[in-house]
Amino acid sequence: MKKSTRGNKVMKEVVRHISTMIMPLMLSLVMLGCGQGGGEVDTSSNPSGNEGIYALQITVYFVGGSVSGLSGSLVLQNNGGDDHAITSNGVFTFDTPLADGAAYDITAAIQPEGQVCTVSNGTGVVSGSDVTDVLVKCVFSYARVSVSYDGTNDFIDSTTPLIGDNGYYVIFESDASDLVENDTNGKSDIFIYDRVERQVSRVSVASDGTEGNGISSSPAMSKEGRIIAFVSTSSNLVPGDDNNKADIFVHDLDTGITVLVSKSSSGVIGNGNSTDVFVSCEGEYIAFASDSTNLVPADVNRKRDVFVHDMSTGETKLVSKSSEGNRSKSIPKWCCFKFR
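Numbers given in our numbering equal positions in the sequence shown, counted from 1, plus 133.
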């Protein structure tokens with residue numbers, strides 16, 4: 134049959150058929166031919182037998198991957214468009230699928246404030262399945278953390294910085310008196326900088342917020358930054374601290390509670406100076422060196438020893454000894470935690 138030369142075909146609708154809950158999807162493009170002023174339509178390629186209906190099936194796939202380290206809002210693009218906003222870490226998928234054999238190019242169009250996000254495995258060609266291995270990693274850009282509370286520059290020394298495993302928190306020691314308000318003790322304190330909130334807080338304080346009356350130094354923290362340990366000569370961070378020695382304190386960032394841990398399992402405060410504190414990854418154990426002789430029974434080696442305090446049970450153990458129980462005859466100082 135002769136096809137009408139005056140017949141125009143226009144797009145009537147696009148129907149997406151999803152046969153299963155996973156890809157691939159089958160898109161059915163339904164074309165409706167509209168005759169103008171009469172004529173005939175060729176139906177030889179029309180499997181449905183309905184005049185003016187033409188079907189085209191295309192297999193499509195989705196492109197996505199995962200995001201880590203994000204602390205703000207990120208906008209990704211595919212091939213310079215199809216904006217996809219992300220506000221949390223985890224799996225992401227672009228809304229618009231691509232046909233088999235189509236190219237994709239994932240870029241970070243809008244970066245989160247204070248961070249830089251890079252894309253790995255972001256370019257390629259769709260090949261018979263969904264793309265799920267695009268990796269987006271976000272890290273903090275360089276920023277000064279020892280900044281006074283009113284935003285002005287500080288010119289007093291800040292030292293011994295440590296950064297948490299997630300990059301959100303930085304702890305450090307500083308002699309500055311203007312990093313937080315009401316810092317009037319004239320002593321070195323321990324501070325933490327929240328890189329998300331961009332705020333400095335002092336952690337070498339009592340549970341009620343009272344600032345220490347001595348020098349605080351040598352900060353350490355758990356991997357996510359919640360548990361912070363430090364050395365301090367302050368006598369007012371906890372009740373009953375009357376040994377006039379440097380002690381080990383732990384401050385819980387979530388609860389605001391500060392406790393002394395350089396003590397025996399029965400709660401007796403050490404009679405010597407305690408130094409060089411270390412924190413386990415989850416913050417459940419605190420290791421430190423001490424000259425104290427009353428933290429465990431029969432400590433008669435007259436040497437500095439290394440102890441571990443269990444935060445959940447309150448137990449303090451001497452660990453600088455051989456497997457046979459023989460105590461060190463030298464002066465141990467450094468230790469680290471090994472996790473299996």
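Just so it is clear, CB atoms sit at the ideal spot from N, CA and C, and this is done for glycine as well.
(message) Let me check understanding here. Comparing Cα to Cα, which of 233, 227, 302 and 243 lies closest to residue 267?
(response) Looking at 233, 227, 302 and 243, the one whose alpha-carbon comes closest to that of residue 267 is 227.
(message) Taking the beta strand (DSSP E) that residue 335 belongs to, which residues open and close that run?
(response) Counting along the chain, the beta strand (DSSP E) containing residue 335 begins and ends at 332-335.
(request) At 4 residues or longer, and completely inside the region 374-400: list those alpha helix (DSSP H) runs for me, N to C. (result) If only uninterrupted alpha helix (DSSP H) runs of at least 4 residues are considered, none is enclosed by the region 374-400.
(request) Kindly indicate the opening and closing residues of the beta strand (DSSP E) around residue 197. (result) In the DSSP annotation of this structure, the continuous segment of the beta strand (DSSP E) that includes residue 197 starts and ends at 196-201.
(message) According to DSSP, residue 402 sits in a beta bridge with which residue or residues?
(response) Secondary-structure assignment with DSSP links residue 402 through a beta bridge to 396.
(request) Find out if the Cβ-Cβ distance for the pair residue 292, residue 314 is shorter than 7 Å. (result) Going by C-beta atoms, residue 292 is not nearer than 7 Å to residue 314.
(request) Within its chain, find whatever has a CB closer than 6 Å to the CB of residue 219; leave out the 5 residues flanking it on each side and keep chain order. (result) Result list for residue 219: 200, 207 and 225, in chain order.
(request) Using the DSSP secondary-structure output, state which residues sit across from residue 354 in a beta bridge. (result) Beta-bridge pairing links residue 354 to 361.
(request) Would you check if there are 3 or more beta carbon pairs closer than 8 Å linking the region 413-431 to the region 366-373? (result) The answer is no - the region 366-373 does not touch the region 413-431, with fewer than three Cβ pairs under 8 Å.
(request) List the endpoints of the continuous beta strand (DSSP E) containing residue 325. (result) First-last of the beta strand (DSSP E) with residue 325: 322-327.
(request) Consult DSSP for residue 342 and reduce its assignment to one of helix, strand or coil. (result) The answer is coil: DSSP assigns residue 342 none of H, G, I, E or B.
(message) Strictly by DSSP, which residues pair up with residue 303?
(response) Partner(s): 296 and 326.
(request) Could you tell me if residue 335 is buried or exposed, where buried requires 16 or more neighbouring beta carbons within 10 angstroms of its beta carbon? (result) Buried: at least 16 other Cβ atoms inside 10 Å.
(request) State the CB to CB distance for the pair residue 323 and residue 349, rounded to an integer number of angstroms; the pair is presumed to be in contact (CB under 8 Å). (result) So it is a contact: roughly 5 Å between Cβ atoms.
(message) For a quick check, are the C-beta atoms of residue 252 and residue 239 less than 7 Å apart?
(response) Yes, the Cβ-Cβ distance between residue 252 and residue 239 is below 7 Å.
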